[in-house]
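In UniProt numbering, the protein residues as written are 1 to 165.
Ideal placement from N, C-alpha and C gives every residue a C-beta, glycine not left out.
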């Protein structure tokens, strides 16, 4: 699919000059990973390990894309969504019935629990890691990108585009 998007003779291109429109796209993330693979001549997963996780000293045994990458799911960050009202659970289950979402009990009556799941638009999401590994990764953002990114890159990443939608 990504190779079809790359062809300038297709209808996938916006009739606007680069930098004048911002749109959300999982496919664009997959396309960016394909570009990284072509330039570096290594699988995207390996590129991320070598150029992001290892420099941050993240234990690569506790990161991965597929659930099969982990001998145990106990340490993995779990997925939740906030339920605005009672209809939120019904709406989520209507749109993604295969996930069988449930409302959290106890102190979090408005949170929905997502069981572990996967989808095919790798690498647009679903990078999995332990809560501790995630804290190391997020610390980079708190520290203005140090040691991987510049403060300017972090500022750019935090910039709301497209009206915040």
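Put simply, the stretch 49-59 touches the stretch 139-148. At least three CB pairs are less than 8 Å apart. C-alpha of residue 117 to C-alpha of residue 127: approximately 11 Å in a straight line. For the set 158, 130, 23, 135, the Cα lying nearest the Cα of residue 78 is the one of 130.
Annotation for residue 62: 75, 129, 130, 133 place their beta carbon closer than 7 Å to its own, counting only its chain and skipping 5 residues before and after.
In this chain, the beta strand (DSSP E) harbouring residue 114 covers 111-114. The residues 26, 27, 29, 30, in chain order, have a CB closer than 8 Å to that of residue 121 in the same chain once the five nearest residues on each side in sequence are set aside. Across the structure, residue 82 and residue 137 are spaced so that their CA atoms are roughly 23 Å apart. Note on the stretch 46-101: whole alpha helix (DSSP H) runs with a minimum of 4 residues are 86-95, in chain order. By the beta-carbon neighbour count (other beta carbons within 10 angstroms, threshold 16), residue 58 is buried. Rounded to the nearest angstrom, the gap between the Cα atoms of residue 161 and residue 115 is 30 Å.
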